Structure formats: structure tokens, C-alpha cells
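Following: one structure in C-alpha cells, then a few remarks.
Protein chains in written order, with our numbering: chain V, 1 to 448; chain R, 449 to 896.
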């Protein structure tokens, strides 16, 4: 019998942990620099909190937890898996960090300071079919500001995105759009219900050209004269500012469109002042979770790989309304740790020194010597130097092999002679160089 | 309808998160100083990995996850909850960190360097009835060394325990015993099966005296002459060394007892050299998970509160045998984050400066001013100073209230005059003191 992790889940070994912690640490540090504070919510939520929040597919992919005790006593619908499930399961695993956060804000509204800026780095679980790059357990790194309508919040997320990827060394393109602009496009042609078809088609302009896009829209049931009205949107090009000016003209009689263009102009003007290293691209085809967002939307992709979205988010007007606290506007983003990991790996951008565990290993030459090494090792640790003693008097080759495998750069050899001289023979495993040091000299050597 | 977390689980608010991270950080730092490397395992394991590892009660308290899809099709035992459960659930939530670690070691044995020293800080889930201090989701902070029989490993855990609680400022008593000594006591009187009754009774010596203890043992079915043989064990007192010498005499014909005494003597001699600040107490009544440990066992309690065990562990000889990899000896401990939290809270030992989020808040006086503040705030962040801008031009009182609530010590006031002079009016919210600084001066002021 083979014992392994469940399909779609992963163990993280030490080397991966160090790399993943580097990502989480970078993201946390940037959030903290901007005054975000951390929260955590439990892995399990009541199903009443989760169900119906992620569409029909989400309800299906939620991991549900069996009630304990005599769960069968309450059950009756053995003919219907859906009804039976609600009878025998009251809790489910977190599916994202957004819905639990909304529940959190409502539950703790009197303990929080608004605008509330929180970040949250925790795993989520989805019963998706596992495949390359898609897991059943994966981490999200969310930041949200709730309780403020100001565009300064959108700007702050642009800053955070820019700083995180700058620190990680990943060149990115940040795509921006605004839900109000998308609503205005639909209003422009009187086709509010065809918005997704339209954005999908616009997105293909570059590749297939205007005639084929129009054909596709005809196929989706749009009338010839309606598509005609869409032509200026299809032909939209130029710089961010130029595109926005053209839209301003088109939306002259559509207030929501004017508002959307104005928001985008303000945000881009702010961004311009800050001279980001990331490319900021106003992209009318960016749609992301239409039923959810109400203002600015973000999506971040690597400029140098074909790995999908590394980060995304947007403005929502009423996240907590579903839990009985209406009219609380917010904006948030989510970094995808796994895709960022894959990008750093593909571009070979992980810092090399992450791999190091201890700085030095004291080799073990027997009882008398180890007694001395215990005391010296303790001296090094008191100075913050990561230090190990090999726990057994094994063959030296084996002990050195242990240091090599753990990428420990130095070994201390303390045999009878060193004991008599009260010195350590320090060997650099990379160069083979060996020097003799007093313990105080060793401390200074390793601290620098 | 009230939306809350499930019974026995908790949200962690920012202030608690900072306190909890302080605990996790302290423990990780000490583990790392000793060359331990981090791993993580998935929240869910196959039930075949978990079931039968925690006794009957554990099997019952394991949270089981409902299979997705047509789970009913495979089911037939609707009359028997136990059998039905195995038909409709293939996975369960992690119940502790030890069994998943054993599975991890077996699964990845060819990727690991032995002796393998890992630490792991993750939540576990148990369907216990929730009560004060007992939760259904809680964190464990485990460290284990696997693949070495050396007592240096036990010593290292004593060092780790001592350093963690020294850093946290908690005075502790570390109780030590050895499973071999307990086995020898049972062998001494030929009552291997009554071991638990015996240790429970011995534990009461201080409170109820030898006569009552003997009465209790009679009640448990021990014969008069057997109890007589136990008298020297019951009367065991003195220093750690004295107690061990007496046991050495008692166990003269019991090899396992001699081995146990010798191990304890070696360990205590090591510990003596290191002059720990913690009290080390060889305690013959310490029993902990008898079926599991085979050598030294540890338990740590606060010297100044009545809160239970803060940390515990021991030596096991064959943890991975259940997963098909026999004869791999190990030793490990587990810190209980919640009890450590409660201890720090009760003794008022959390550092005061943990509460601080940002160092400075730029108040918002309107569009023109905020444009300048955005640039100045960015300068501070580049220097690593946690900085916020209030996102809206709200009443100053409200903005200052926000800083107060978030314990931000300084606010920057940038109005028309400051803009003209290119200076910041910096207000210390604790003292009310206000000074005028250029941005470079502000950077220096806040960096120190």
C-alpha cells in the first residue's frame, strides 16, 4: 500500500518552503509598508455562509465536511445527493478569502477601524479536477480596503502591485479597466445582456481583425445595425490617454461611462506621477468577474512568460450586503502564490542564498569533543548564527555529506588537538580552505 | 440571520495576529538557530493515512470530508453511520502534525537528508466539544529529529525549550521522565498492565500521603505484597541525581531500567553544563501517551500560572513503521500556541510595541495636498517606514481618530502653507508636540 497526499494537494519540502516563504514575506512586507494589518479566518465556515456565493459550479466544488456523531438521524433524502448533503454537512472549507472576509467584517464591524485595510495569506480549497498548475489546496494573498470610495485606494493597490513585483524582480504588465466603462459600452448599443460576448469578441481584434469580430458578434445574435454602433469601440487604439478621450466622446450621453472614464483618467494621472517600473495598460477587453465588481478592475501578467494572471482584483460596492451590512464599498486584490512561484522558477529569479539552512556544522568526534562543541555551538547561537552539531560520532565523510546536502557552507572540526589548543579548525566546504580559530574569532568570522 | 464562525473556531483580528505571529516567529527563530528546516503538509489527508492512528476517540473526532460528485452511488450502508462514512468520505482534516509527518518522511524518504530535522507550524482540527481553551481548530508548532538515536537530540530539544521560553519571558519547569524507567517500575512489581494506575497514584503522593496512595492501589486490584515492593518508588525523593541513584539500585536486575536511568543521567549531565534558566525536574509521575513513546519524555509548564502543559514530546522508536518504513528512531516536541498565548496574556508579557501598525499617517486636506503626500509617502516607504495616507478629505478629527485607533504614533499635516514651504508639520499624538520638517529630515526622524 502506498501512502501519499490526496490528489491535487502537495507537501512542501524545506527548499520549496524557503522559496514560498520568500514570496509570502515579500508580499506581507509591502502590504505592511502601506498600513495593511493581517487577519486570519478559520479553514471551515458554516455552509450557510459559503453556499450560493460562487455560482452553481462553486457550490459543487466546495469541500463539505461531514457532521460528526449521528449525522444519519437527521437525514431523509437518500435519493437526492444535493438534499442529503445539506442534511449531513453543516460546514465547508474556505473556497476563497473574499467571502470569509465579508463575513468577518460584518461579524466584527464594531471592533474594526474603517477604512479597514487588511491582508490575509491563507490556503483555500476547491474540488476542481487537478491538472498542471491547478491544485485543490492553494494559497491566496489578499489585500482589501473596505469603507472608502476614494480612488487613492485603487492607486495604493497599483503601488503595492508595482512594489511587490519590483522586489521579486518580475517585469509585469498591469491591465486596468473599469466596470462602468464596460456597462457604458453595453448601454451604448442597448445590449446590457450581451456584455460578455462583446468583450470576448473585442479581445480578438488584434488576432482576427474587425471583419471576423463582427461576424462572431452576428453569430452571437447581435443585429447588423447594433454592431455598426460598436465600430468606434472596436477600432479603439492609441495611448491610454488617447483611448480615454475617444471614449469620452462616445459616452457623451451616458453618465456612467463619463464617470468610468473620469475615474480611469484620475487613476492614470496619479500613476503617472509615481513613474512605476511596471507597464500600466488601460485595456477595454479586460472583464474579470463581471457580476462582482463595480468600478476599477486590475489584472497582472508577467511580461516575460506565458504564465497566466499573477494578481487580479477590483472595486466592489456592496460586498457585505449579502451578510446584512449594505453600502460598504471596497477594493481589493489577490496575489496567486503558485503562479508567482512558477514565474520565479521559469525566469530563474529566486535568490540563491535562500537555500542555506545552517551556517555551520560541528562535526562529532566522540563524547569528550562533543561536550566542548555543545558549549561552543551555544555561543554561536547566542550571536544569532544558525548552528548544528552532528548528533552522532559517524564517519567524517558521512558528516560532511550531511553538511553538503543541507548546503551548510562551513564545518567545524574539533578533535583531540583542537580541544587541547582550545581552537576550532574551520573548513570552507566550497573552497576546501581550512583555518584555525579561537571561538571568539569564529564568532566574528561567521557574523560578517 | 446571524453569520458567525463555526462553533469552536476563531477569527484572529489584527492585534491578536501580531501577538500570535510574535509567538510563531520566536519559535521558528529558535528552531532555525538549531538547523531545523520548515515543511508543510496539506490540510487534508487520505482517511487511510489518518484512521486508526489516534485510537477510537480520534477516529470519531477526525473531521471527514464528503466526496464530491455522485458519492451516493457507491454507498449502501445507510443503516450504519460508521460504514456509510467510509463509503462517502475518502479524506479527512489533519488531526495532528505527527502522523502526516510520518507519512511525509516515508513518501519523500529519498529526497530527505537524515538525520532530518524539521519544524512545522500549521493548524490541526478536532471535533472535540468546544470549551474554554479548547478549540476545534488550533495551531501546533512541532519539531522532530528523525533518523538518529543520539541523546544529543534530546538535549537539543531541552535547549530549544529553554531558549523559546527565555525569549518569551515565561519562567517554566521542564518535567522529564523516561519510558524505560516507567517500564522498569512495572516490571519491578510484575504489573505491566497496571502502569497507568500506578503513575496516577504516585502522582498524588505529595497531596494525600503514602497510606492513601496504597489504599488507592489496593482499590485498583493490586495485591498487598505487590504494593509493598513499590514502597521505595513511592518514597522516592531528593534531587534529580539522588532519585536516579536510588532507582539505579532498585533496577539492578532490570536492564531496561538501568538503560533508562543511564539515559536520564547523561541528559541531565549535558543540561547541567549549559546552566539553563528553566528548572529541569526529573519526575517519575510524568507519563504522556504511553503507547507512543519509547524513551525520554518531556512536559513544560509555566512556573507562574496554573495553565496546563505549554509544550511536550518525547522519543519514539518506530513512528514510520505504520507506513512501511520500520526502525527509524526519532524524537520530537510540540509547542501549544494557544496556551502560550494565554500565559503571555495572563502574565502581561507581550511586548508593548507589537500593537503598532503604521509609523505615520498623512492627513488628507484635499486634492492638491494629497498629490504631494503621495510622493512623500512613497519616499518614506522606500526607506522601510510604514506609511499611510488617509484616503479621503474627511474632518481632521476623524482622521486623527483613525490614527489613534490604529495606534499610529505620528500624523503628518500638509496643508496649503506646508505645501508652499515644502515642509511637513509632524504631530506626535502621544505628547501633542508638533514640529516642522523637510521631507529628508522627516525620513531621518522616523528612521531612528
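Virtual Cβ for every residue (Gly too), placed ideally from N, Cα, C. Quick caveat, the model's predicted, so the values are computed rather than measured.
Residue i: first and last residue of the uninterrupted alpha helix (DSSP H) it sits in
i                      : result
residue 720 of chain R : 703-722
residue 480 of chain R : 462-481
residue 754 of chain R : Premise fails: residue 754 of chain R is in no alpha helix (DSSP H) and is neither H nor E.
residue 57 of chain V  : 55-61
Proximity winner among the options, relative to residue i (alpha-carbon distances)
i                      : options                    : result
residue 867 of chain R : R:535, R:525, R:723, R:887 : R:887
residue 620 of chain R : R:696, R:715, R:611, R:852 : R:611
residue 271 of chain V : V:257, V:241, V:287        : V:241
residue 445 of chain V : V:415, V:360, V:371        : V:360
residue 180 of chain V : V:79, V:49, V:316          : V:316
residue 168 of chain V : V:37, V:28, V:349          : V:349
residue 47 of chain V  : V:121, V:99, V:376         : V:99
residue 701 of chain R : R:500, R:633, R:461        : R:633
residue 451 of chain V : V:429, V:125, V:214, V:105 : With chain V covering only 1 through 448, there is no way to say anything about residue 451 of chain V.
residue 64 of chain V  : R:508, R:492, R:505, R:743 : R:492
residue 638 of chain R : R:649, R:670, R:881        : R:670
residue 123 of chain V : V:293, V:210, V:42, V:61   : V:42
residue 304 of chain V : V:390, V:435, V:170        : V:170
Residue span of the beta strand (DSSP E) that contains residue i, given as start and end
i                      : result
residue 91 of chain V  : 89-93
residue 782 of chain R : 778-784
residue 225 of chain V : From DSSP, residue 225 of chain V is part of no beta strand (DSSP E) but of the alpha helix (DSSP H) over 224-234.
residue 248 of chain V : Unbroken run through residue 248 of chain V is the alpha helix (DSSP H), 240-250; no beta strand (DSSP E).
residue 281 of chain V : 279-282
residue 889 of chain R : No beta strand (DSSP E) contains residue 889 of chain R, which is instead part of the alpha helix (DSSP H) from 887-895.
residue 513 of chain R : 512-514
residue 192 of chain V : Premise fails: residue 192 of chain V is in no beta strand (DSSP E) and is neither H nor E.
residue 494 of chain R : 492-494
Closer than 8 Å at the beta carbon, the chain R residues around residue i
i                      : result
residue 113 of chain V : 850, 853, 854
residue 445 of chain V : Neighbours of residue 445 of chain V on chain R: none; closest Cβ ~18 Å, over 8 Å.
residue 153 of chain V : 839
residue 374 of chain V : 600, 603, 718, 721, 722
residue 11 of chain V  : 487, 488, 489, 490, 552, 555, 556
residue 134 of chain V : The contacting residues do not exist; residue 134 of chain V stays about 15 Å from chain R at best.
Proximal chain V residues relative to residue i, where beta-carbon distance stays under 8 Å
i                      : result
residue 451 of chain R : 46, 48, 49, 103, 106, 107, 323, 324
residue 765 of chain R : Within 8 Å Cβ-Cβ: nothing; residue 765 of chain R doesn't reach chain V, min ~16 Å.
residue 811 of chain R : Under the 8 Å cutoff, chain V gives no residues; its nearest Cβ is about 13 Å from residue 811 of chain R.
residue 465 of chain R : 37, 38, 39, 40
residue 826 of chain R : 159, 274
residue 537 of chain R : 66
residue 596 of chain R : 391, 392
residue 454 of chain R : 42, 44, 45, 46, 90, 91
Where residue i meets chain V, residues with beta-carbon distance less than 9 Å
i                      : result
residue 507 of chain R : Within 9 Å Cβ-Cβ: nothing; residue 507 of chain R doesn't reach chain V, min ~11 Å.
residue 799 of chain R : Those do not exist, as residue 799 of chain R stays about 17 Å from chain V at its closest Cβ, beyond 9 Å.
Contacts of residue i in chain V (Cβ-Cβ under 7 Å)
i                      : result
residue 518 of chain R : 81
residue 575 of chain R : 68
residue 645 of chain R : What residue 645 of chain R touches in chain V: nothing, since even the nearest Cβ is about 31 Å away.
Beta-carbon neighbours of residue i, restricted to chain R and to distances below 9 Å
i                      : result
residue 25 of chain V  : Under the 9 Å cutoff, chain R gives no residues; its nearest Cβ is about 11 Å from residue 25 of chain V.
residue 165 of chain V : Those do not exist, as residue 165 of chain V stays about 15 Å from chain R at its closest Cβ, beyond 9 Å.
residue 85 of chain V  : 514, 519
Contact list for residue i against chain R, beta-carbon separation under 7 Å
i                      : result
residue 144 of chain V : In chain order: nothing, as chain R lies at least about 13 Å away.
residue 32 of chain V  : 834
CB contact below 8 Å: residue i versus chain A
i                      : result
residue 806 of chain R : Checking the listed chains, one finds no chain A in this structure; the protein chains it contains are V and R.
Given 8 Å, three or more beta-carbon pairs between the region 642-654 of chain R and the region 780-794 of chain R: Contact between the region 642-654 of chain R and the region 780-794 of chain R is absent: fewer than three C-beta pairs spanning the two stretches fall below 8 Å.
Complete runs of the alpha helix (DSSP H) confined to the region 398-429 of chain V [at least 4 residues]: Listed in chain order, the complete alpha helix (DSSP H) runs (minimum 4 residues) inside the region 398-429 of chain V are 416-421.
Is the number of C-beta pairs between the region 593-604 of chain R and the region 411-428 of chain V that are closer than 8 Å three or more? Flag = no, the region 593-604 of chain R and the region 411-428 of chain V do not touch.
Every unbroken alpha helix (DSSP H) within the region 354-393 of chain V, with a cutoff of 4 residues, ordered by chain: Listed in chain order, they are 367-382.
Alpha helix (DSSP H) runs contained entirely in the region 70-123 of chain V, provided each spans 4 or more residues: Given a length threshold of 4 residues, each whole run of the alpha helix (DSSP H) inside the region 70-123 of chain V is given here in chain order: 81-88, 98-107.
Jot down the residue ranges of each uninterrupted alpha helix (DSSP H) in the region 194-220 of chain V, minimum 4 residues, whole runs only, in chain order. Counting only runs of at least 4 residues, the region 194-220 of chain V fully encloses the following alpha helix (DSSP H) elements, listed from N- to C-terminal order: 195-202, 205-219.
Could you give the uninterrupted runs of the alpha helix (DSSP H) lying entirely in the region 126-174 of chain V, keeping only those of 4 residues or more? Within the region 126-174 of chain V, the complete alpha helix (DSSP H) segments at least 4 residues long are 151-168, listed from N- to C-terminus.
Check whether the region 18-35 of chain V and the region 352-359 of chain V are in contact - that is, three or more C-beta pairs closer than 8 Å. Touching, yes.
Is there contact between the region 521-534 of chain R and the region 72-81 of chain V, where contact requires at least three CB pairs shorter than 8 Å? Taking a contact to require three or more Cβ pairs closer than 8 Å, the region 521-534 of chain R and the region 72-81 of chain V qualify as touching.
The region 843-851 of chain R in contact with the region 51-61 of chain V per 3-pair CB rule at 8 Å: Short answer: they don't touch.
Does the count of Cβ pairs from the region 204-214 of chain V and the region 225-237 of chain V closer than 8 Å reach three? Cβ pair count under 8 Å is three or more, so yes.
Is there contact here, the region 562-570 of chain R with the region 581-589 of chain R, by at least three beta-carbon pairs under 8 Å? With the cut-off at 8 Å, the region 562-570 of chain R and the region 581-589 of chain R touch.
Taking 8 Å as the threshold, find out whether the region 277-293 of chain V comes into contact with the region 106-119 of chain V through three or more Cβ pairs. No, they do not touch.
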